[in-house]
Every structure is written in C-alpha cells, then in structure tokens.
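Read the structure below first, then the notes.
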C-alpha cells in the first residue's frame, strides 16, 4: 500500500472508525491528538494511545495552550453547563472551539509536508455537519484547496464518514471490528462525572442514540 496518512485522533467514535475505514485505502502511520485543556484531555489521550497501539500507529500529542487561553466554553471550563436534552445549535455553540478543525488540519498538513503523507484523515460526518460547520463537505473542500498553495506535498483530506449518520458509523465500526472498548466519546472527565461516559453531554447523547438505532443495541452496556 503506497499511500500514507496522518490521522486526527481524538480517541472518540468518529476518529476511531475513520482509522478503521481508511486503512483500506492507505497506510495510517501517524496519529495526532491535541491537548487544549479540554475537560477530558487526559482520558482522550489515553484512548487515542490505545487505539494507536491497536492499529500499530505512531502517536503524538500536540499541546496547544494558547487555544485554551482564548476558549472559555463548556468544553474547557468545568463550571459551564455541558448537559443538554438533545444535540442542537445551542449545545454545539456551548462546546465551540475557535477554528478547531481548521487549526488541527493545518497542523496535520505541516506534518504531511515534512514527512510526505498523502492523506490527512478526519472524522467529519454528515450528522455533526448539521450543527458544526467545520464538519461539512463545503468546509473540507475549501480546506483541501488551501493545501494546494500552503504545502509542497499537497496532501488530500480523507473523510471516510463524510456521508454517514452516527448510527451508520456504529454499524461500520461493528463491520470493521473496531476496538470500541477503547473509546472516550464523552466531553466530561471521569474526575468530574465519576463515569467514563456521563450520558448527558452532547457527545454522549449522540452516541447513545446512534447505538439504539444500530445493528448492535447491546453495545449500550459498554458505555452507559
């Protein structure tokens, strides 16, 4: 397999399944996990490390302290409310991090240019594109074009889940035998909630709903 890739690996569902799916098209060699002082960063790093070991991928943690300094929302501030009845515009706004995916993709592009990676893998998906504009096909297309000018390697963005809803991502995870037991898909830290997955934040609610619509509803016992 001649094509090589770097993946944005948060340790959550989308990035994990993206690795499992992309492995058919390219060799994923490097995983980047970002620490911007989000509530669950320690657990996300641990999950990403376990996933990287499972797939035999080099794992690096990139610290972005400045991003924490300019971000004051429920994702980084434990005093802010993270519990929402359903994922919507309000819940998305509560965890919005300024230019997060744009920044992450640009950092991955720097690694691609330096080390010759052909692809940058991101877990963008159809469901979250509805409330997070930096998950949309339009955003990915614009970002792809940017790298034609800012790099010599011209890496392409690969989003294997771009057309999938969350329950379809769960189905794909089951099909690909992805190690779901390693996931950390909760915005809350276990130190705060007492649970690996709190069941109340937007990410948990999306995960729960997806599992209940999926081919394996028993997976719910793995997380909640």
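In the numbering used here, the protein residues as written are 1 to 224.
Don't be surprised by glycine CBs; every beta carbon is placed ideally from N, CA and C.
Remember, it's a predicted structure, so these values are computed and weren't measured experimentally.
Collapsing the DSSP output to three states places residue 105 in a helix.
Here residue 166 really is in contact with residue 206; their C-beta atoms are around 5 Å apart, less than 8 Å. When beta bridges are read from the DSSP output, residue 60 appears opposite 32. Around the C-beta of residue 14, 16 or more other C-beta atoms lie within 10 Å, and the residue is accordingly described as buried. Here DSSP, grouped into helix, strand and coil, assigns residue 204 to helix.
Straight-line measurement puts the Cα of residue 154 at about 43 Å from the Cα of residue 221.
When 183, 192, 160 are compared, the shortest CA-CA separation from residue 24 is found for 160. The beta carbon of residue 129 sits closer than 6 Å to the beta carbons of 135, 136 from its chain, once the five residues preceding and following it are set aside; these are given in chain order. Bridge partners of residue 215 according to DSSP: none are assigned. Within 10 angstroms of the beta-carbon of residue 184 lie 16 or more other beta-carbons, which makes it buried. Of 59, 211, 104, 224, the smallest CA-CA separation from residue 198 is found for 224. Inter-residue distance for residue 22 and residue 203 is about 23 Å (C-alpha atoms, whole angstroms).
Around the beta carbon of residue 30, a 10 Å sphere encloses 16 or more other beta carbons of the protein chains shown; the residue is thus reported as buried. According to the DSSP secondary-structure assignment, residue 4 is paired through a beta bridge with 27. Per DSSP, residue 152 has no beta-bridge partner at all.
In the three-state reduction of the DSSP assignment, residue 180 falls in the helix class. Residue 158 and residue 119 do touch by the CB rule: their CB atoms are close to 4 Å apart, below 8 Å.
For residue 167, the enclosing alpha helix (DSSP H) begins and ends at 166-175. Collapsing the DSSP output to three states places residue 119 in a strand.
Here residue 157 is bridged, per DSSP, to 120.
Looking at 26, 57, 20, the one whose alpha-carbon comes closest to that of residue 174 is 20.
By the Cβ neighbour-count rule, residue 132 is buried, with 16 or more other Cβ atoms within 10 Å of its own. Where residue 38 is concerned, there is no enclosing alpha helix (DSSP H), because DSSP gives it neither an H nor an E. For residue 44, same chain residues with a beta-carbon under 6 Å away, outside a window of 5 residues either side, are 10, 11, 184 in chain order.
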